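Chains as they are written, first to last, in the numbering used here: chain A, 1 to 126; chain B, 1001 to 1384.
Scroll down for the structure; my scribbles are underneath it.
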Amino acid sequence: MPALKTSPLASYLAYLEQDQLAYQYSPQSGRAVFYPRLVCPFTGSDSLEWRVSKGRGTVYSTTVVHPQQGQPYNVALIDCDEGFRLMSRVEGVAPEQVRIGMRVAFRVHRPGGDEPPQPVFVPVEA
Amino acid sequence: MDGLKRASAAIVGVAESDLGQVADGMSVIDLMAQGTMRALDDCGLSLKDIDAVFCATAQARLSALAFAEYLGIDPPVLGSTIVGGSSFEYHVAHAMAAMAAGLCEVAVIAYGSTQRTVGRKQASQREINPYESPFKPFLPATAYALAAARHMHEFGTTREQLAAVAVAAREWALLNPAAWEKKPLTIEGVLSARMVSYPFTVRDCCLVTDGGGAVILTSAARARTLKKPPAYVLGCGQSVTHATISNMPDLTTTGALTSGRAAYQMAKLGPADVDVLALYDAFTINTVLFLEDLGFCKKGEGGSFVSDGRIAPNGALPVNTNGGGLSYCHPGMYGLFLLIEAVRQLRGECGARQVADCEVAIAHGNGGVLSSQATVILGTGATL
């Protein structure tokens, strides 16, 4: 395995900066890999290809966090159509209105300051 | 691979340290030492007999070193595998393996936590995960809430059914003088409590207490020479399915399926042989998932299974008879207390909460966010 100049995380964030949700694809297993890493967890191979998601997915599970201070907010697990899952939140709808099975679309949230961009989702028509 | 040998070792001494809210300034190693001295007293051994030390805590990075230093011992076997709350069930298997290899004969497995007195933020260092932390999951509750939400979606499990787990735990706790919670709890009381991470209110979530303890494990031959009847280790199994909740393959099926199968196979027993269960109930959904995955009901039927008092005192299946992490004690890594209660039930030491004719017990540990599962099956001499 050669020395790397760019970490998997840095590559992922560079895609996000370009408004793209990137994941890895493992040719040997024919499966998507997420989070980005150096070794395929399905085959043990180190040949992983970067791909860009079409940005459509389905809510796999959802919860509303009720902090002791501040407003309730959504945390969800999203199954993207390419076959990978990530933690995110669904915006543009009240947190308790997010439903398992809801179709969602990716967009980038830029918190500003030193914080990197985040992949979030909004509901779309099924 | 031959694996571990059924009943080659036994737990002979068990004890809690001080629990609940301990004296100011107590360290986690103080609690480990206090638990160890009480557990040694429980079996009639002394510190000089110990030749293996296993321990885990969230509050000391090199806890085995700190504990060995504190006791002034240099044991040939030292282990501090830390996989969350199930660490101590892993330690049982590791201690047994070390004994089988001839490396040691008397192992202590110890735990301590002062998370209540020092505060949760002090007690466990927050780790940043760039793929999860930006979304501010309230961990671990949010992870288990996501599993519960999925279980409700797939199988129609209800919040009332989850609440029944908390109510049963509370009813058992009221029979345990050592339990933190002293007041009755109702389904409505669970549902109307402060919401934490939907579908969980604070009453679906484990306590935040201090506490610790120790168990002493030795060879079966030596165990038979000691003060109290041995609790033989009949079966062990472990499984790791993920570390972070976004990487759990199926939120409604845990590694308890694998760890349970391995433990049953080693024990040559099945769910129908089990008299009492100690299941790691950090959240109400845990008990439901583990009853399913350990074979006490079908997948998806856990919600109805726990309803109508089935796992409560006088129910058909005694689960978490000490009151569990929900109502007895939860210092952050609850797994050691599962072993302590299982042994006490097998010995018949549990007073008002004693299960009749108790020969086989399961202690099932869980760590991380449903991540590491470890099953230990214990039995009395009647099971040999």
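In this text, a Cβ means the ideal position worked out from N, Cα and C, and glycines have one as well.
Quantities reported herein were computed from a predicted structural model and do not represent experimental measurements.
Quick one: Cα of residue 1228 of chain B to Cα of residue 1011 of chain B, how far? Along the second sequence, read from residue 1 onward, the residue named residue 1228 of chain B stands at position 228. Along the second sequence, read from residue 1 onward, the residue named residue 1011 of chain B stands at position 11. Distance from the CA atom of residue 1228 of chain B to the CA atom of residue 1011 of chain B, rounded to whole angstroms, is 10 Å.
Quick test of the definition: if touching needs 3 or more C-beta pairs under 8 Å, does the stretch 1032-1047 of chain B touch the stretch 1221-1241 of chain B? Yes, the stretch 1032-1047 of chain B is in contact with the stretch 1221-1241 of chain B.
Members of the stretch 1028-1045 of chain B that neighbour chain A once the beta carbon cut-off is set at 8 Å: none
Pick out whichever of B:1232, B:1260 and B:1108 has its Cα sitting closest to the Cα of residue 1038 of chain B. Numbered from its first residue, the second sequence carries residue 1038 of chain B at position 38. Residue 1038 of chain B has its Cα closest to that of B:1108, out of B:1232, B:1260 and B:1108.
Thinking C-beta only, is residue 1104 of chain B closer than 8 Å to residue 1166 of chain B? As a first step, residue 1166 of chain B is located in the second sequence; it is residue number 166 there, counting from the start. As a first step, residue 1104 of chain B is located in the second sequence; it is residue number 104 there, counting from the start. No, the Cβ-Cβ distance between residue 1166 of chain B and residue 1104 of chain B is not below 8 Å.
What number of angstroms, rounded off, separates the C-alpha of residue 83 of chain A from the C-alpha of residue 1368 of chain B? Here residue 83 of chain A corresponds to residue number 83 of the first sequence, with the count starting at 1. Here residue 1368 of chain B corresponds to residue number 368 of the second sequence, with the count starting at 1. Cα to Cα, the separation comes out at about 25 Å.
Rounded distance between the beta-carbons of residue 1377 of chain B and residue 1278 of chain B, thought under 8 Å: For the purposes of this step, residue 1278 of chain B is identified with residue 278 of the second sequence, where counting begins at 1. For the purposes of this step, residue 1377 of chain B is identified with residue 377 of the second sequence, where counting begins at 1. That pair is no contact at about 11 Å.
Exposed or buried, what is residue 1247 of chain B when buried is set at 16 or more other beta-carbons lying within 10 Å of its beta-carbon? Counting from 1 along the second sequence, the entry for residue 1247 of chain B is found at position 247. Burial call: buried.
Taking only the alpha-carbon atoms, compute the straight-line gap between residue 33 of chain A and residue 1148 of chain B and give it to the nearest angstrom. Here residue 33 of chain A corresponds to residue number 33 of the first sequence, with the count starting at 1. Here residue 1148 of chain B corresponds to residue number 148 of the second sequence, with the count starting at 1. Taking the straight line joining both Cα atoms gives about 25 Å.
Report the residues of the stretch 1-12 of chain A with a CB closer than 7 Å to any CB of chain B, ordered along the chain. 9
Span of the beta strand (DSSP E) holding residue 1138 of chain B? Your numbering for residue 1138 of chain B matches position 138 in the second sequence. Unbroken run through residue 1138 of chain B: none, as it is neither H nor E.
Residues of chain A with a CB under 8 Å from the CB of residue 1191 of chain B: which are they? Position 191 of the second sequence, counted from the start, is the residue given in the question as residue 1191 of chain B. What residue 1191 of chain B touches in chain A: nothing, since even the nearest Cβ is about 14 Å away.
CA nearest to the CA of residue 1124 of chain B, picked from B:1028, B:1150 and B:1285: As a position in the second sequence, residue 1124 of chain B is number 124, starting the count at 1. When each option's Cα is compared against that of residue 1124 of chain B, the closest is B:1028.
Thinking just about the alpha-carbon of each residue, which of B:1364, B:1374, B:1379 and B:1366 is nearest to the one in residue 1357 of chain B? Locating residue 1357 of chain B in the second sequence gives position 357, where the first residue counts as 1. Nearest C-alpha to residue 1357 of chain B: B:1379.
Could you check whether the stretch 1083-1092 of chain B touches the stretch 111-125 of chain A, counting it as contact only if at least three pairs of C-beta atoms, one from each stretch, sit closer than 8 Å? no
Indicate whether at least one CB of chain B lies closer than 8 Å to the CB of residue 118 of chain A. As a working note, residue 118 of chain A is residue 118 in the first sequence. A Cβ of chain B is located within less than 8 Å of the beta carbon of residue 118 of chain A.
Buried/exposed call for residue 49 of chain A, threshold 16 Cβ in 10 Å: In the first sequence, the residue the question calls residue 49 of chain A occupies position 49. By the 10 Å Cβ count, residue 49 of chain A comes out exposed.
Does any CB atom of chain B fall closer than 8 Å to the CB of residue 75 of chain A? For this step, residue 75 of chain A is matched to residue 75 along the first sequence. For residue 75 of chain A, the answer is yes, since a Cβ of chain B falls inside 8 Å of its Cβ.
Apart from the five residues just before and just after residue 1386 of chain B, which ones in its own chain have a Cβ nearer than 8 Å to its Cβ? Residue 1386 of chain B lies beyond the range of chain B shown here (1001 to 1384); nothing can be said about it.
Return the first residue and the last residue of the alpha helix (DSSP H) that residue 1259 of chain B is part of. In the second sequence, the residue the question calls residue 1259 of chain B occupies position 259. That run of the alpha helix (DSSP H) goes 1256-1267.
Can you find the residues in the same chain that come closer than 7 Å, C-beta to C-beta, to residue 1304 of chain B, ignoring five residues on each side of it along the sequence? Residue mapping note: residue 1304 of chain B aligns to position 304 of the second sequence, counting from 1. Hits under 7 Å: 1161.
Run through the DSSP bridge pairs and tell me what residue 1373 of chain B is partnered with. For the purposes of this step, residue 1373 of chain B is identified with residue 373 of the second sequence, where counting begins at 1. Residue pairing by DSSP places residue 1373 of chain B opposite B:1239 and B:1366 in a beta bridge.
Quick test of the definition: if touching needs 3 or more C-beta pairs under 8 Å, does the stretch 1063-1071 of chain B touch the stretch 1030-1037 of chain B? yes
What does the alpha-carbon distance come out to for the pair residue 88 of chain A and residue 1242 of chain B? The count along the first sequence starts at 1 and reaches residue 88 of chain A at position 88. The count along the second sequence starts at 1 and reaches residue 1242 of chain B at position 242. For residue 88 of chain A and residue 1242 of chain B, the distance between alpha carbons rounds to 18 Å.
So, are the CB atoms of residue 1205 of chain B and residue 1290 of chain B less than 8 Å apart? On the second sequence, position 205 is the one that residue 1205 of chain B refers to. On the second sequence, position 290 is the one that residue 1290 of chain B refers to. No, these two residues do not count as a Cβ contact at 8 Å.
Length-filtered (3 minimum) beta strand (DSSP E) runs lying within the stretch 1271-1348 of chain B: List check, beta strand (DSSP E) in window: 1276-1279.
In chain B, which residues lie with their C-beta within 7 Å of the C-beta of residue 62 of chain A? On the first sequence, residue 62 of chain A is found 62 positions in, with the first residue counted as 1. Those are 1149, listed as they occur along chain B.
Would you mind telling me which residues of chain A sit closer than 7 Å to residue 1145 of chain B, beta carbon to beta carbon, in chain order? Here the question's residue 1145 of chain B lines up with position 145 in the second sequence. Those within 7 Å of residue 1145 of chain B in chain A are 63.
Flag this pair as yes or no: are the beta carbons of residue 1234 of chain B and residue 1007 of chain B separated by less than 8 Å? Start at 1 with the first residue of the second sequence, and residue 1234 of chain B comes out as number 234. Start at 1 with the first residue of the second sequence, and residue 1007 of chain B comes out as number 7. By the CB criterion at 8 Å, residue 1234 of chain B and residue 1007 of chain B fall inside the cutoff.
Sort B:1085, B:1287, B:1135 and B:1080 by Cα distance to residue 1164 of chain B and report the nearest one. In the second sequence, the residue the question calls residue 1164 of chain B occupies position 164. Answer by Cα proximity: B:1287.
List the residues of chain B that residue 85 of chain A touches, going by C-beta distances under 7 Å, in chain order. By one-based count along the first sequence, residue 85 of chain A stands at place 85. Those within 7 Å of residue 85 of chain A in chain B are 1246.
Pull out every residue of the stretch 21-52 of chain A whose Cβ sits closer than 7 Å to any Cβ of chain B, in chain order. 35
Beta-carbon contacts of residue 1155 of chain B that lie in its chain and below 7 Å, excluding the five residues immediately before and after: Counting from one through the second sequence, the residue named residue 1155 of chain B turns up at place 155. Closer than 7 Å at the Cβ level, and outside the excluded window around residue 1155 of chain B, lie 1300 and 1303.
Would the stretch 1071-1081 of chain B and the stretch 1183-1198 of chain B be scored as touching if the rule is three or more Cβ pairs under 8 Å? no
Less than 6 Å between C-beta atoms, sequence neighbours within five positions excluded: which residues of the same chain meet that for residue 1086 of chain B? For this step, residue 1086 of chain B is matched to residue 86 along the second sequence. Excluding sequence neighbours, residue 1086 of chain B sits near 1335, 1365, 1366, 1367, 1372 and 1374.
Should residue 107 of chain A be flagged as near chain B, meaning a C-beta pair shorter than 8 Å? Residue mapping note: residue 107 of chain A aligns to position 107 of the first sequence, counting from 1. Residue 107 of chain A does not count as touching chain B.
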